[in-house]
Amino acid sequence: MDKKILAFLLVALAVAIFLSPFASSNPDGLERVAEDKGFLERGEGKEVITAPIPDYLLPGVENERVATAAAGFVGTLVTFGVMYGVGRLVAGSKAAPQRTDPSVR
Amino acid sequence: MHIPDGFLDAKTWVTTGVLSAGTLAYALRRTRQTLQDRQVPAMGVMAAFIFAAQMVNFPIVGGTSGHLIGAVLAAVTLGPWSASIVMAVILILQSLLFQDGGLTALGANILNMGVIAVFAGYGVYRLLDRYRAFGLFAASWVSVMLAAAACAVELAVAGTIPLAVVLPAMLFWHAFIGVGEGLITAAVVEILSRSGVALSRDTAKA
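Chains as they are written, first to last, in the working numbering: chain A, 1 to 105; chain B, 1 to 206.
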């Protein structure tokens, strides 16, 4: 892999591991509006699925900052892997239409 | 501004889902024709970075926080079609793995942050390209404001809250969050272009 790509991936992992545990826990813009305007409770208990790492806290890790860092580490790698896989599928699928229609260049 | 389950109704899930799916299908077609294998790692690493950066909520005024969306960052470095795919992948993983953004609201979240923020932001960026960092800042700020406005419209259409109440409130907070978006985007693009990372504006314009 390109060294610069690898370096950027390491930066992403560093952000996830070292900065995310110190993220502000204040409500974000939408949560704040939902709170102020009284529709926050509409979302309570309405989750359609149960995610394996809810709220960016890796289950089984007691310390909240460590749990967040671990969730960030896992999520960053999974996101890289999934995007890489999807990208390869998309990039790799372009030969097909040329074969089926050789008259188009 | 990841909308959770419970905030929208069925007609809003379906409408936003169809709009997002249609745009993504077209983005995949566009991208398939131009994306080279060597550009794929750049998409992967940009997705990873935006995911990580989205975890870092920064405080704004009044006990509220915000985080990077990353739509303009992705659009400027990868081109808008690839960027919308990158944003969709991030939003799908956040919903499925981290309960950040509801599954029923996935179409709305992709529409707001992966389509509207990407293309509106990219459009402003192209208009103001010559102003470099300021252009990036303005494009990022606009991307956040329009995503927030779209979110407000969806909440109103769903009957959750009247538009006259939710639109000014969303725009008020996101005017501050957009400043953070603009500063981070301009800084990261500057660092990337100085370090000559192969995520340039000229490559992977898919």
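Each residue gets a CB set at the ideal place from its N, CA and C atoms; glycine is no exception. Computed from a predicted structure; not experimentally measured.
{"query": "Please report the residue range of the alpha helix (DSSP H) in which Met170 of chain B lies.", "result": "Leu163 to Arg194"}
{"query": "For Pro52 of chain A, is the classification buried or exposed, using 16 other Cβ atoms within 10 angstroms of its Cβ as the cut-off for buried?", "result": "exposed"}
{"query": "Any chance you could list the alpha helix (DSSP H) runs of at least 4 consecutive residues sitting entirely within the stretch 65 to 132 of chain B, in chain order?", "result": "71 to 78, 80 to 98, 106 to 109 and 117 to 127"}
{"query": "What's the gap between the Cα of Gly38 of chain A and the Cα of Thr160 of chain B?", "result": "10 Å"}
{"query": "For Ser200 of chain B and Thr77 of chain B, I'd like the C-alpha separation in whole angstroms.", "result": "The pLDDT assigned to Ser200 of chain B is 43, lower than 50, so where the model puts this residue is not dependable; a value taken from the coordinates is nonetheless given after this. The straight-line gap from Cα to Cα measures roughly 6 Å."}
{"query": "State the DSSP-derived secondary structure class of Asp5 of chain B, mapped to helix, strand or coil.", "result": "coil"}
{"query": "Comparing alpha-carbon positions, which option in B:Gly107, B:Leu146, B:Gly101 and B:Gly44 lies nearest Gly123 of chain B?", "result": "B:Leu146"}
{"query": "Can you tell me whether Pro59 of chain A sits near the ligand HEM, meaning its C-beta is under 8 Å from at least one heavy atom of the ligand?", "result": "The ligand HEM is not among the ligands present in this structure, which contains no ligands whatsoever."}
{"query": "Assuming contact is defined by CB atoms lying nearer than 9 Å, are Glu41 of chain A and Gly102 of chain B in contact in what I supplied?", "result": "no"}
{"query": "With burial defined as no fewer than 16 other Cβ atoms inside 10 Å of the residue's Cβ, what is the status of Gly81 of chain A: buried or exposed?", "result": "exposed"}
{"query": "Can you name the residues of chain A whose CB is closer than 8 Å to the CB of Asn57 of chain B?", "result": "Ala23, Ser24, Ser25, Asn26 and Asp28"}
{"query": "Between the stretch 5 to 23 of chain B and the stretch 107 to 125 of chain B, do at least 3 Cβ pairs fall closer than 8 Å?", "result": "yes"}
{"query": "Indicate the three-state DSSP secondary structure (helix, strand or coil) for Pro59 of chain A in the structure shown.", "result": "coil"}
{"query": "What is the DSSP secondary structure of Asp36 of chain A, reduced to helix, strand or coil?", "result": "helix"}
{"query": "Please classify Pro4 of chain B as buried or exposed, where buried requires at least 16 other C-beta atoms within 10 Å of its C-beta.", "result": "buried"}
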